[in-house]
Each structure stands twice: as C-alpha cells, then as structure tokens.
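According to the UniProt record's numbering, the sequence shown is numbered sequentially starting from 1.
For each residue, glycine too, the CB sits at the ideal point set by N, CA and C.
Note sheet for the following structure.
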Amino acid sequence: MPTPSMEDYIEQIYLLIENKGYARVSDIAESLSVHPSSVTKMVQKLDKDDYLIYERYRGLILTPKGRKVGKRLVYRHDLLEQFLRLIGVKEENIYEDVEGIEHHLSWDSIDRIGDIVQFLEEDSERINALKFIQQQNDKNEE
Ligand SMILES: [Mn+2]
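Written as structure tokens, this is what we have:
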C-alpha cells in the first residue's frame with residue numbers, strides 16, 4: 001500500500017499525464033509545492049516499487065500498476081469533492097478539506113460515501129430535505 005505522500009505523488013503524476021500527456025519533475029514539484037530534489041527522491045522510490053518507470057533524461061511513465069492506483073486516487077478525490085459540494089460545504093473549503101481527509105479513509109468508507117452521493121442525487125427531494133435542516137440549524141445559530 002502506498003503511503004499518503006506516495007499517494008499524493010501518484011495522484012498528481014496521473015493528473016499531469018492525463019492533462020498534458022507527460023509529467024516532468026519540475027511540473028510535479030510545482031503542482032505539489034515541493035522542491036524538485038524531493039520529487040526526484042520520491043520518483044526513484046515509486047520506480048523501485050513498480051508504480052512508474054523513471055529515466056533521468058527521458059521523463060517518466062506510469063506502469064499498469066501505477067495507472068490503476070492513480071485512477072483510483074483521482075476517482076477518490078473527485079468523489080469526496082462531489083460529496084462535500086452536495087452536502088453544502090462552501091466552495092472555498094472543498095479542495096483543502098479533501099486534501100486533508102482523502103488519505104485517511106478506508107475504501108469501505110469511500111464506497112459508502114459513494115452510496116450516499118448516489119442516494120442524494122437520485123431524488124432532488126432528498127437534497128431539499130437536507131437544505132431545509134441546514135436552514136433550520138443556521139437559524140438556531142443566529
Ligand atoms: Mn488529492
């Protein structure tokens with residue numbers, strides 16, 4: 001199992017390759033706000049663990065294992081954003097909150113959150129009922 005830090009790297013590398021077609025050390029450093037030397041170190045570890053293949057002057061590619069994990073991590077991130085948005089979390093809090101929790105939930109919890117997203121999206125009355133409760137709670141706090 002990758003550590004939270006490894007997960008951050010695999011997730012960002014997967015996104016960079018998906019969006020730009022490639023992931024350079026400098027791109028990864030920028031998207032994670034870390035020093036390029038940290039990226040090189042981690043990329044070597046990810047290579048050793050068979051998530052990617054890194055060649056100093058040719059860049060890196062994800063292995064099938066790295067692609068599979070990357071895809072799952074991006075799905076998890078997107079699902080959690082969708083969930084927080086759906087339950088009414090303010091837009092300005094969503095990204096940071098997801099970054100804070102995504103590595104610390106079991107896949108069991110992720111799947112159950114997937115269920116509740118589906119449950120809420122299937123019938124807009126459910127969202128409306130939730131909004132009604134939120135309005136009542138907001139009133140009580142005033
Ligand atoms: Mn993330």
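Beta-carbon contacts of residue i that lie in its chain and below 6 Å, excluding the five residues immediately before and after
{"i": "LEU46", "result": "LEU52"}
{"i": "ASP87", "result": "The amino acid occupying residue 87 in the given sequence is Ile; Asp does not appear at that position. No residues qualify anywhere along the chain."}
Other residues of its chain near residue i: CB distance less than 8 Å, five sequence neighbours each side excluded
{"i": "PHE83", "result": "ILE113, ILE116 and VAL117"}
{"i": "TYR22", "result": "LEU16 and GLY59"}
{"i": "GLY66", "result": "ILE10, ILE13, TYR14, LEU46, ASP50, TYR51 and LEU52"}
{"i": "HIS104", "result": "PRO4"}
{"i": "TYR54", "result": "VAL43, GLN44, LEU46, ASP47 and LEU60"}
Bridge-paired residues (DSSP) for residue i
{"i": "GLY59", "result": "GLU55"}
Residue burial classification, residue i (beta-carbon count within 10 angstroms, cutoff 16)
{"i": "GLN135", "result": "exposed"}
{"i": "ILE28", "result": "buried"}
{"i": "ILE102", "result": "According to the sequence as given, residue 102 is Glu; it is not Ile. Label assigned to GLU102: buried."}
{"i": "GLU92", "result": "exposed"}
For residue i, the first and last residue of its enclosing alpha helix (DSSP H)
{"i": "LEU105", "result": "Note, LEU105: premise wrong, no alpha helix (DSSP H); not H, not E."}
{"i": "GLY66", "result": "64 to 86"}
{"i": "MET42", "result": "36 to 48"}
{"i": "GLU18", "result": "4 to 20"}
Contacting residues, own chain, Cβ-Cβ under 7 Å from residue i (five flanking each side not counted)
{"i": "VAL69", "result": "PRO2, ILE10 and TYR51"}
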